[in-house]
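In what follows, a single structure is set out as C-alpha cells and then discussed.
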C-alpha cells in the first residue's frame, strides 16, 4: 500500500472509499453482491476496517440509503415545478442507480436510523411541495392522493426505465421528455389545458 494511500485513510477518507466501492458493486451486481470483506479487499485494508466505519453490512447500506435520500432531496428541491420534480426524480434514478436500488428496500437498511429518517423526510417534503404547485384541477380534491399518484408515476417510470422494461417504448426517445408527456397526460387541469 502506498504511503499516500495510508495518509489519506488516516485523514478519514477510508469511509468514503468504502462507500464509493459499495456503490460500484451495487450498480454492477446489485446489493446482494455486497460484502464488507470484498470492500476491504478493494480498498486495500484489513477485512475488519469497514466495520470500524459501518459496524456491519446493514449499517453500510443504511448509510447508502441516507445519502441517496439526501441527494434526491437536493435534486427535487432545485426543480422549479411539479413536472420538473418528476423529471429530477427520474434523472436521479438514472444517474444514481445504486442509491436508488437501496433506498426503497427497507429489508436492506435500518428503518429507525435518525440520519435515514431525516433524509427521507426531506425528500418526501420536496415531493409534496411539487404537488402543491399543481393547479387545482390537476391534483384532484385530495393533495395526499395526488402526492401518491405523482410519486407512483415518477417512481414507477424510473423503476421500469432502470430495469430495461421500457426499452421498446423508449427506443429513440429522451426519458425526460417522455416523463414530461406522461405527467401532462395524467395531471392535466380539468379544463384540458396543459399548465
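In the working numbering, the protein residues as written are 95 to 289. Every residue, glycine too, gets a C-beta built ideally from N, C-alpha and C. Please read all numbers here as calculations on a predicted model, not as lab measurements.
Are the CB atoms of residue i and residue j nearer to each other than 8 Å?
{"i": "residue 186", "j": "residue 154", "result": "no"}
{"i": "residue 211", "j": "residue 241", "result": "no"}
{"i": "residue 274", "j": "residue 224", "result": "no"}
{"i": "residue 192", "j": "residue 121", "result": "yes"}
{"i": "residue 108", "j": "residue 160", "result": "no"}
{"i": "residue 156", "j": "residue 201", "result": "no"}
Which residues in the same chain as residue i place their Cβ atom closer than 7 Å to its Cβ, once the five residues preceding and following it in sequence are excluded?
{"i": "residue 127", "result": "119"}
{"i": "residue 218", "result": "none"}
{"i": "residue 131", "result": "141"}
Figure out for me which residue from the options has the closest Cα to the Cα of residue i.
{"i": "residue 136", "options": "277, 162 and 117", "result": "117"}
{"i": "residue 243", "options": "176, 255 and 206", "result": "176"}
{"i": "residue 310", "options": "227, 255, 245 and 162", "result": "Residue 310 is absent from the model: the chain starts at 95 and stops at 289."}
{"i": "residue 189", "options": "269, 205, 146 and 227", "result": "269"}
With a threshold of 6 Å on Cβ separation, who are the neighbours of residue i within its own chain once the five nearest residues in sequence on each side are excluded?
{"i": "residue 104", "result": "Only weak support is given to the placement of residue 104: the predicted model assigns it a pLDDT of 48, under 50, and the value that follows is read from those uncertain coordinates. Closer than 6 Å at the Cβ level, and outside the excluded window around residue 104, lies no residue."}
{"i": "residue 111", "result": "137"}
Once DSSP output is grouped into helix, strand and coil, what is the label at residue i?
{"i": "residue 134", "result": "helix"}
{"i": "residue 260", "result": "coil"}
{"i": "residue 275", "result": "helix"}
{"i": "residue 139", "result": "coil"}
{"i": "residue 200", "result": "coil"}
{"i": "residue 194", "result": "helix"}
{"i": "residue 129", "result": "coil"}
{"i": "residue 164", "result": "helix"}
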